[in-house]
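Per my numbering, the very first residue in the sequence shown carries number 7; after that it's consecutive.
Note that the Cβ used here is the ideal one computed from N, Cα and C, for glycine as well.
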Amino acid sequence: MSSTATAPGSRRVPARSVDDEGAVPFADFAIGEFADLVAMSRELSRTGDWVVRTPFGLFVHGYDEARTILRDPVWISMLAGVAMLDGTGQNRTGIGSNGRAPVNFNAFMARARRDAPLSTGGEAMRARPNVLSLEGDDHRRLRRLFGRAFTPAAADRLRPFMAAHATRLLEPLVAGGGGEIVAELCDPYPVPVICRLLGVTDDDWGQFGRWAETIFGLFDGDAEAVVRRLGDIATAQAELGAYVIDLIERRRREGADDLLTELIGVTDEGDRLNEDELIGMVEALLIAGTDTTRNQLGATLAVLADRPEHYAALRADPDRIPAYVEESLRYIGAVRTAMRIATTDVVVNDLLFPAGTVVMIGLHAASLSGGCPAHAATDAATPTRAESPAAPQDHQSEHSFDSYGFDPAVPREHPHLAFGSGAHHCLGAFLARAELQEALRVFVSSVESFELSEPVQWKPLSLGIWGPSRMHLRLNAPPLAERVPAGTLPPADVQADLGTSAERDRYLASIAPIRRAIHDSVPELITRPRFPPVLRLVVTAARIGWATYAGRLLDRRLDPDERREQIYRRLRLAATKLGPAYIKLAQLIAAGEGVFPDALVAECRQCRDQVPAEPWTAIRSVVEAELGDLDSRFAEFDTEATAAASIAQVHAARLPDGTRVMVKVQRPGIRRRVERDLAVLAWLAPKLVGRIPITALANPPALVELFAETITEELDFRVEVANLFEVDRALRATTAGRWQVPEPVLDGVTERVIVMSPVAGRPLSELRSEDLADGEAAAIFRQMNDALLHGACMSGVFHGDFHAGNVFIDTEGTPPGQPPVIGLVDFGITGRLEGPKRVAFLRYVVGLLTGDLQSQIAGMIDLGAFGPGSNPEQVIADLRLDRPGFDPLELTEDEFTAEFRALISGLLANGARIPKELMLFIKNFAYLCSVTGELEPEMEVLAQFERIASSFFARNGVRMATEIGFSPAPDDVDERIIRQAMGISPKHERVTWRLIRGRRTDLKDRVGNSG
């Protein structure tokens, strides 16, 4: 076991990085109850891998590796990471050499202050220093000062109060023969203990409990629920802060025998805790010491409810209570994970974690895997617990050699990690242990026997802290005929479904070098040749030249709009006659609604629907060349194509086992024709600058480069399948909606053929408003934009070609109030943003959504949208972007013309171009806006954008802070910012799709008159 930080300039190159395709196994396990959790942990340990990639990030489950990361100062806590993870080697954009920006935690948290009531003086949501959010010398200082008060002796002094308090809570339950133990005992137990520790009067326990409950809502797994409660959370934090300030002042005047008085007086060589640090300690104590204890107590009682013989043994020997508490913490710990961030490149067991990598440490999973009996490896003669007469019998799979069972009698090889390890080992561990021991001691002494009267209701396992939410017990009552299980017994020792696919992981790893080779070939393909293919050039030039210049003769009597439409029509016809490569180029433009002129998009869209299929004999030849004899591979194969496009066509088929599949087959000879046409386009493009009426919107050389980048990957279907796998994994990481993608048959995937499952539903563009229930159009819009945002900004991969033939909606069997299933097909065009490119894109999107022009333009520069060396301030000045409230449609015709020409001049001066990923993102977004506007023209657009952005920020805020230097709060997106981004003045009270489409038409007309 090793963990080694990699210094800048170090020559050591590990075999793998966690960012390498297929380097870390992917797992997508479904956990519905505790038995699933134990089964998952056991199965993970059997794989031999100690880290897996899940839809929600990297998950470290190996005990040795988890403990190593927790104890290595190179890895810091998530809260501390927001404050401390800053790059080195600052460049023009403020982004460090690792692609991440300096982080200021106070600036990050200040964004949440907008929720603070005016009466709080702006103190709400303030980031106060505490042991949870600091690292290094600052963290050591606070632990040194606080540690003097959090000792075993200090916890022991509170044991009499803990026992008396637990007795008061339990007495009514015992007298009544039972009750709901969570609400009556577990939930109200910890807060008064903390209050007594701090010196808070008994009358204020209730208020402290309400503050704790509200503030802890910040860690809810439901991001939208957090957004709705931010105001309440801010108010609770402000009220708690004011109370503690008053209490500090009273203790300074007149001390008492409590923790706060002791901390006020604590000194270390003259060093004292200041007011902010004291308040921060109280907040941390409430957050870290309330929900954890109440859930752990409930989980411990649930474990004993499932094991009456253990409970009887415990009543017979109460001195074993500490051992039972420790085993409960290991076996069913309430805190399941901890987040850590790598502050520099670090190697763990020959696996590189780049600086800024966030990992989830599986505290519970690692405690289970590391809980082997201390004697298991060396003392094979030791009898199992089932053989030991002194040990109570339990579930058949629980024995002393099984670390996935509950057995307090067995000494474990390693200590559990329920309280963490290393610098952030829980400071209040002594207090928590005392609380649990005293509560259990009171329960054991008061209750002779107990059992469940109904099944336990558990909190969702998706939450960070877990335990029972409702547990109704019968106390000291005759046993029921059939005992109600609590759900804490380990599962039978059978293989669990981890949702892993070693086959997919190996496939992705094998495709990585192919993808790199394709990417490296693009510059050569688009380098302007000295001598292009002459015959093809003549034909191409003749057809494009005729389409462009014929209007001077044929269309001279038409008005400007009609002349442009005729040029677009002739260009589309020329593309059709020139063949597949040019049809593909037209299809790329057709998907660029909002990027290219509407008339051109509409004309090119016909290339999507009117591509003739290849003859069946040619298609059969391709299939048999790739897969072998067709009749032996397929029971049925339709000779008529169900769809035909520029690169390939699709046929329905059936496998020998009866499975229905779709077979995508590449057109014969397409690669040679594409490479020849790229050479022609590369030679022609520089000559067309300024000669086509749309050049102001798309410069031809950049368009050819974009075309080459997309079509070269599309020509290798093996890469398309890898794209499908990665986009599928990114979709699983989104929390909204349901998705469907084809399942490839991997032994039917080659460079020119894909055999895959069909996708159900109807094309999105074929839906009408009457086909959808109220709110479904908005739900589809939000779900697809959520996937687009998360894929591009967080996963670094997204489907790059939303259009009518690639997006399907399946409304069959959709539960009321739930969005329909969205299906995606055709993953040939995929946006990929790796490393600094993804961080730059995130910076651009956050800047766009929050109205931060500096971040927006800095991100675009790093994406390559402006020339090398561009300065954000200069770009903003040249493009005249910093004009709040500016609405171009409020200008006169002369002003608009001057404005348009100034914009074009500024773009050219800064070397503007549209990078591939930005182009794909924008055209996807434009398509979604267009189709949603057709389905529901009167939809309130601003409300939808606010909801999408707020949810995105709420889910990913902390990670954003580690990567771009600040984390926008959900309320950073408001109507004013969205209006500014859309260029819509406040005079339009309602912003609907109908209004936006009308404005687009007006802008198109004005641009045409100014071009």
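Tell me whether residue i sits in a helix, a strand or coil according to DSSP, three-state version.
| i | result |
| --- | --- |
| GLY63 | strand |
| ILE983 | helix |
| GLU946 | strand |
| SER475 | strand |
| ARG202 | helix |
| ASP868 | helix |
| SER23 | strand |
| ARG313 | coil |
| PHE640 | coil |
| PRO699 | For PRO699, the predicted model reports a pLDDT of 47, less than 50, meaning its position is unreliable and no value from the coordinates is stated. |
| GLY339 | coil |
Residue i to residue j, Cα distance in whole Å?
| i | j | result |
| --- | --- | --- |
| ALA918 | GLY870 | 8 Å |
| ASN791 | ASN962 | 15 Å |
| LEU887 | LEU859 | 8 Å |
| PRO496 | ALA329 | 19 Å |
| GLU715 | PHE723 | 15 Å |
| TRP622 | GLN672 | 12 Å |
| ILE1002 | GLN593 | 25 Å |
| TYR337 | GLU419 | 14 Å |
| ARG439 | PHE167 | 14 Å |
| MET287 | ASN136 | 6 Å |
| ALA793 | LEU737 | 6 Å |
| ALA798 | GLU719 | 18 Å |
| PRO603 | THR350 | 46 Å |
| ARG4 | VAL206 | Outside the shown range of the chain, which is 7 to 1017, sits residue 4, and nothing can be said about it. |
| PHE449 | LEU176 | 7 Å |
| LEU839 | ALA361 | 17 Å |
Tell me whether residue i is buried or exposed, calling it buried when 16 or more other Cβ atoms sit within 10 Å of its Cβ.
| i | result |
| --- | --- |
| LYS993 | exposed |
| SER373 | buried |
| TYR588 | buried |
| PRO417 | exposed |
| PRO878 | buried |
| TYR555 | exposed |
| VAL250 | buried |
| THR533 | exposed |
| PRO389 | Reliability of the predicted coordinates at PRO389 is poor, the pLDDT of 37 falling under 50, and no value is obtained from them. |
| GLU141 | buried |
| ARG163 | exposed |
| ARG480 | buried |
| ARG735 | buried |
| HIS431 | exposed |
Using CA coordinates, which residue listed in the options is at the minimum distance from residue i?
| i | options | result |
| --- | --- | --- |
| SER652 | CYS610, ALA641 and ARG660 | CYS610 |
| THR582 | ASP561, TYR555, ALA619 and ASP567 | ALA619 |
| GLN746 | MET966, ALA691 and PRO764 | PRO764 |
| HIS145 | GLY428, THR836 and LEU176 | GLY428 |
| ARG1000 | ARG735, SER991 and CYS935 | CYS935 |
| PRO491 | LEU458, PRO474, LEU481 and ARG512 | LEU458 |
| HIS478 | ALA311, VAL710 and ALA445 | ALA311 |
| VAL364 | PHE872, TRP81, PHE412 and LEU541 | TRP81 |
| ILE517 | THR1007, ARG1006 and ALA29 | ALA29 |
| ARG788 | ARG563, ILE954, VAL528 and PRO194 | ILE954 |
| ARG768 | LEU830, PRO538, HIS370 and ASP753 | LEU830 |
| ILE221 | ARG480, THR296, PHE152 and LEU265 | THR296 |
| ASP277 | THR241, ALA728 and PHE152 | PHE152 |
| GLY664 | LEU752, PHE640 and ARG313 | PHE640 |
| ILE471 | ALA371, LEU358, GLY339 and VAL528 | GLY339 |
| SER527 | ILE717, GLU441 and LYS590 | ILE717 |
| LEU770 | LEU284, PHE814, PRO484 and GLU219 | PHE814 |
Which whole-angstrom value describes the C-beta separation of residue i and residue j, a residue pair presumed to lie in contact below a C-beta threshold of 8 Å?
| i | j | result |
| --- | --- | --- |
| ALA649 | VAL462 | Contact doesn't hold; Cβ gap of about 52 Å is too wide. |
| PHE32 | SER375 | The pair is not a contact, with the Cβ atoms about 19 Å apart (cut-off 8 Å). |
| VAL759 | LYS843 | Rounded, the Cβ-Cβ distance is 31 Å, inconsistent with contact. |
| GLU27 | VAL354 | Not quite, the Cβ-Cβ distance comes to about 19 Å (not below 8 Å), so this is no contact. |
| ALA424 | LEU335 | 4 Å |
State yes or no: is the C-beta of residue i nearer than 7 Å to some heavy atom of the ligand FMN?
| i | result |
| --- | --- |
| ALA658 | For the structure depicted, the ligand FMN is absent and the ligand set is empty, with no information on it obtainable. |
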